[in-house]
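Novice:
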Amino acid sequence: MGISYDWTREILTCEPKYYKWTQWIFLLLYKRGLAYRKPAYVNWCPNCQTVLANEQVSDGRCWRCSSVVVKRKLTQWFFKITAYAERLLDDLKYLEGKWPDEVINLQRNWIGKSEGVRIVFKLPEFDKQLPVFTTRADTVFGVTFIAIAPEHEILEGLPLSEEVHQYIERSLRISEIERTSREREKTGVFTGMYAVHPFTGERIPIYVCDYVLATYGTGIVMGVPAHDQRDFEFAKKYGLPIKVVIKPVDGELSEPLDKAYEEYGVMVQSGKFTGLTSEEGISAVADELKAMGLGGREVQFHLRDWLVSRQRYWGAPIPMIHCPRCGVVPVPEEELPVRLPEVVDYAPKGKSPLESVPEFINTKCPRCGGDAKRDPDTMDTFVDSSWYQLRYTDPHNDNEIFDPNVAKRWLPIDQYIGGIEHATGHLIYFRFITKVLYDAGISPVSEPALRLFTQGMILNEDGKVMSSSKGTAVPVRPLVQRVGADVARVGVLFLGPPEKEGIWSERVVEGARRFLDRVYRIVTENLDIVTKNVPANDSILLRKINYTIKKVTEDIEHFHYNTAIAALMELVNEFYKSKKDETLGYGLYTLVKLIAPFAPYLAEELWHRIGGEGSVFHTSWPQYDPAKVYLPEIEIPVQVDGKLRARLQVPFDVTEDDIRKRALEHPKIRQHIMGKQVKRIIVVPKKLINIVTK
RNA sequence: GCCGAAGUGGCGGAACUGGUAGACGCGCCUGAUUCAAAAUCAGGUUCCCCGUGAGGGGAGUGGGGGUUCGACUCCCCCCUUCGGCACCA
-9 MGISYDWTRE
1 ILTCEPKYYK
11 WTQWIFLLLY
21 KRGLAYRKPA
31 YVNWCPNCQT
41 VLANEQVSDG
51 RCWRCSSVVV
61 KRKLTQWFFK
71 ITAYAERLLD
81 DLKYLEGKWP
91 DEVINLQRNW
101 IGKSEGVRIV
111 FKLPEFDKQL
121 PVFTTRADTV
131 FGVTFIAIAP
141 EHEILEGLPL
151 SEEVHQYIER
161 SLRISEIERT
171 SREREKTGVF
181 TGMYAVHPFT
191 GERIPIYVCD
201 YVLATYGTGI
211 VMGVPAHDQR
221 DFEFAKKYGL
231 PIKVVIKPVD
241 GELSEPLDKA
251 YEEYGVMVQS
261 GKFTGLTSEE
271 GISAVADELK
281 AMGLGGREVQ
291 FHLRDWLVSR
301 QRYWGAPIPM
311 IHCPRCGVVP
321 VPEEELPVRL
331 PEVVDYAPKG
341 KSPLESVPEF
351 INTKCPRCGG
361 DAKRDPDTMD
371 TFVDSSWYQL
381 RYTDPHNDNE
391 IFDPNVAKRW
401 LPIDQYIGGI
411 EHATGHLIYF
421 RFITKVLYDA
431 GISPVSEPAL
441 RLFTQGMILN
451 EDGKVMSSSK
461 GTAVPVRPLV
471 QRVGADVARV
481 GVLFLGPPEK
491 EGIWSERVVE
501 GARRFLDRVY
511 RIVTENLDIV
521 TKNVPANDSI
531 LLRKINYTIK
541 KVTEDIEHFH
551 YNTAIAALME
561 LVNEFYKSKK
571 DETLGYGLYT
581 LVKLIAPFAP
591 YLAEELWHRI
601 GGEGSVFHTS
611 WPQYDPAKVY
621 LPEIEIPVQV
631 DGKLRARLQV
641 PFDVTEDDIR
651 KRALEHPKIR
661 QHIMGKQVKR
671 IIVVPKKLIN
681 IVTK
């Protein structure tokens, strides 16, 4: 397709000389308390036989193979991206207007900041506390039950009946899709225990409920059936009381409720808070809780920590050693890279392939020197690509991750291009790791890319995503062999705006081919007049040439390739109508340069045919005379009462009075305003004139 | 449910901060060239009505309102399609 890369800067993230530094970054995060290991219920793809990060599960399915993801309790490595949630959100302000709004929006939603209140319910018999997070602290007097997520670790320290154990087990077995399906009835089981309400001292029954997420907030929720639809449904099913504590500002609620009243209102039956509005109540309750030492204001994010362990062979080994005496010990920096062994059997078996390679897994503890084992997992490959922009600045440096002076010159990335599908995955990781490296004084910038452009996908003729494995792709090689790279390029670019998806059609090939043929013919048939000299005299054609230079230059800057090509087509159409003079000669010379980004092979060929030296890509881009861009005579539409009635040919610099006079004298206009009274005349310079009658 | 984007000829799509809607291309129609065809070249092509014709009139950017001399563009309501999130308390 004629794509130019600087191959001298090629990097391969799977080579030890690259992943050495990926491991180095892992150790850096570990040192900074941003890499940690914890047992958790994690996303497990049964087909890929590996765990997945939150961002890599969509609709409960694996991003790679679309299998339904299940939960597994495993001890895994996480990057504490949530510690950067606030900054990742805040710094989006530096990207506004430079990144697509859509991407900024997606990130904002994904990070999902939510301001609320932490409320602690005590469990005195067991000397435990049940903290909950709520955005509606004003409804705290309406709590009639407490709901704990089935996988919550606090349950492990509580005496649970057989029934509760069975319920928990059942909840964990069903898939995420099933469990979070809206249609499914909420279920739960009473634990037989009660918590103490912080304000009323009432005994509140504790349930384990599968509609509570363990990974959000505290994993425990206060149930307020009157003011939360989910709690309402649950209370109905289990016969729990529904206690109204908020009423509309200007009215009453008719009880019994048939659904939860979720709007803001005024607090009722709420002790000393009664009479406050919801807004007032939320902050009053928060203040009071803080004073009591039972909670206070809190911020929660939807963003979860980034699970980076993978049970795959491909990826950088996690540079950690498990020692029976010293625990988890980082591999000393000077021992990096921890190399992947040559493994015969890559097939996923539910545990890391590295685990069954004794010469890899068995090692010595760097601290005590005794027998120890390496971490068998590899890192998510998204870790590799979250810092590659830094390595590209200095790709062959064997002594350090990169030369900071060199990186300073290159970064941030002026223009980053990628698909929208990376909005909440790579593009968040990428920003996160860059910030961590910035904080550590390593990256010269805290935002990796100043401008982002997200290109749309080209769909096949059925409007489907192209997939070579499914055989629904239009293979590039045969296409290029048949029509040539230039035609293929112009065809795709002319399809439509590149940020939107486009449907591939054989038809676009026809237009592109015809256009490039016309370019070739007009240039080669007029080789004798081609000149690089700007003609001394002015002409309409010269202005058209200048206009096209301006248009194409600006369009390229804004990724409007389709309209840039359209402008070139117009120019070529003009050339075919022109007489063969030095202006055309200059136009053809200019055309060869303007067409080069779109049809590089043709441009290079024509450049030599017109006697150019070296490569057209080493010449300067055409310049235009701003004084000779617009036509000396322009057409001005004349409207009567907003309806187009005539067109006037006037000089470009016509005065307002003159144009007014000419319009009123025009026979067709006189016909239309005959018998009417002219109320106003609106003249928009160089645009139009509108005569308003009574 | 929440957040976001988009609806323009037969088709892909143009239209800058409100100012000639349909650039450019595909397709189609007519003509030239040709023994014929392909290719190429020239012209036409939003829809409806009147006119043999030059031409004239009307409607029109998903639907309905509004602001304005003037709306594809701005505001309100609705419909449809697509994308993201989705029991986030």
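Under our numbering, the first residue of the first sequence carries the number -9, and numbering increases by one thereafter.
Glycine included, every Cβ here is placed at the ideal spot set by N, Cα and C.
Given that a residue counts as buried once 16 or more other Cβ atoms are within 10 Å of its Cβ, and exposed if not, what is ILE(-7)?
Specialist: So ILE(-7) counts as exposed.
Novice: Tell me whether the segment 559 to 576 and the segment 508 to 521 touch, counting them as touching only if at least three CB pairs, one residue from each stretch, are closer than 8 Å.
Specialist: Verdict: yes, contact present.
Novice: What is the DSSP secondary structure of GLY213, counted as helix, strand or coil?
Specialist: Strand at GLY213.
Novice: In the DSSP output, which residue or residues are listed as bridge partners for GLU288?
Specialist: BP columns for GLU288 point to GLY106.
Novice: Given a threshold of 16 other Cβ atoms within 10 Å of its Cβ, counted over all protein chains shown, does GLN667 qualify as buried or as exposed?
Specialist: By the 10 Å Cβ count, GLN667 comes out exposed.
Novice: Just grab the DSSP bridge partners of PRO641 for me.
Specialist: Its beta-bridge partners are GLU623.
Novice: Pairs of beta-carbons, one from the segment 75 to 85 and one from the segment 326 to 339, closer than 8 Å: are there three or more?
Specialist: No, the segment 75 to 85 is not in contact with the segment 326 to 339.
Novice: With DSSP as the reference, label ASP361 as helix, strand or coil.
Specialist: Looking at ASP361 - three-state DSSP - the assignment turns out to be strand.
Novice: Measure the alpha-carbon distance for LYS669 versus ALA556 and round it to whole angstroms.
Specialist: Those two C-alpha atoms are separated by around 41 Å.
Novice: If we call anything under 8 Å between Cβ atoms a contact, is LYS522 one with VAL619?
Specialist: No, these two residues do not count as a Cβ contact at 8 Å.
Novice: For ASP277 and SER342, what's the separation of their Cα atoms in angstroms?
Specialist: So the alpha carbons of these two residues sit roughly 50 Å apart.
Novice: Which residue comes first and which comes last in the alpha helix (DSSP H) that contains TYR184?
Specialist: Not the alpha helix (DSSP H): TYR184 falls in the beta strand (DSSP E), residues 178 to 186.
Novice: Cβ of VAL745 within 8 Å of Cβ of ARG51?
Specialist: Residue 745 is absent from the structure shown; the chain starts at -9 and stops at 684.
Novice: Three or more C-beta pairs under 8 Å: does that hold for the segment 370 to 381 against the segment 1 to 20?
Specialist: Because the criterion of three Cβ pairs below 8 Å is met, the segment 370 to 381 and the segment 1 to 20 touch.
Novice: Three or more C-beta pairs closer than 8 Å, one from the segment 209 to 227 and one from the segment 151 to 161: is that the case here?
Specialist: Not touching, per the Cβ criterion.
Novice: Any idea what DSSP makes of TYR206, helix, strand or coil?
Specialist: TYR206: coil per DSSP, three-state reduction.
Novice: Whole angstroms is fine: what's the gap from HIS662's alpha carbon to VAL630's?
Specialist: Near 7 Å, if we compare the C-alpha coordinates of VAL630 and HIS662.
Novice: DSSP beta-bridge partners for TYR406?
Specialist: In DSSP, TYR406 forms a bridge with LEU442.
Novice: Excluding the 5 residues preceding and the 5 following LEU440 in the sequence, name in chain order all residues of the same chain whose CB lies nearer than 7 Å to its CB.
Specialist: Counting only Cβ-Cβ distances below 7 Å, and skipping sequence neighbours, we find LYS88, PRO402, ILE403, ASP404.
Novice: Would the beta-carbon of VAL258 fall within 8 Å of that of ILE236?
Specialist: Against a cut-off of 8 Å, the Cβ pair of ILE236 and VAL258 comes out as a contact.
Novice: So, for PHE420: in the same chain, excluding its five sequence neighbours on each side, which residues have a beta-carbon less than 6 Å away from its beta-carbon?
Specialist: Cβ neighbours of PHE420 beyond the five flanking positions: SER376, PRO438.
Novice: Identify, in the order they occur along the chain, each residue of the same chain with its Cβ nearer than 8 Å to the Cβ of ASP452, setting aside the five sequence neighbours on each side.
Specialist: Result list for ASP452: THR462, in chain order.
Novice: Within 10 Å of its beta-carbon, does GLU45 have 16 or more other beta-carbons around it, so buried, or fewer, so exposed?
Specialist: When all chains shown are included, GLU45 counts as buried.
Novice: Tell me which same chain residues have a C-beta within less than 8 Å of the C-beta of SER458, skipping the five on either side of it?
Specialist: Contacts found: PRO465.
Novice: Pick helix, strand or coil for VAL319, following the three-state DSSP scheme.
Specialist: VAL319 falls in the strand class under three-state DSSP.
Novice: By how many angstroms is the C-alpha of GLN379 removed from the C-alpha of THR353?
Specialist: Distance between the alpha carbons of THR353 and GLN379: 33 Å.
Novice: Alpha carbons only, please: which of LYS454, PHE505, PRO468, GLY147 is nearest the one belonging to ILE493?
Specialist: Closest option to ILE493, Cα to Cα, is LYS454.
Novice: Under 8 Å, do PRO114 and VAL198 count as touching if we go by C-beta distance?
Specialist: Contact flag unset, no.
Novice: PHE135 and SER260 - do their beta-carbons sit closer together than 8 Å?
Specialist: Not in contact: SER260 and PHE135 (Cβ atoms no closer than 8 Å).
Novice: So is VAL239 buried or exposed if we call it buried at 16+ other beta carbons inside 10 Å?
Specialist: The residue is exposed, with fewer than 16 neighbouring Cβ atoms inside 10 Å.
Novice: Exposed or buried, which one is PHE607 when buried takes at least 16 other CB atoms within 10 Å?
Specialist: PHE607 is exposed by the Cβ-count criterion.
Novice: Can the beta-carbon of PHE443 be found less than 8 Å from the beta-carbon of PHE588?
Specialist: Not closer than 8 Å, so no.
Novice: Ignoring anything shorter than 4 residues, give me the alpha helix (DSSP H) runs that lie fully in the segment 449 to 525, in order along the chain.
Specialist: You should have 466 to 473, 475 to 484, 496 to 514.
Novice: Going by DSSP, name the residue or residues bridged to TRP67.
Specialist: Paired residues: ARG27.
Novice: In terms of residues, what are the limits of the alpha helix (DSSP H) holding VAL334?
Specialist: Counting along the chain, VAL334 falls outside any alpha helix (DSSP H), and DSSP gives it neither H nor E.
Novice: Cβ of ARG508 within 7 Å of any heavy atom in the ligand MN?
Specialist: With respect to the ligand MN, the structure shown offers nothing to examine, as it has no ligands at all.
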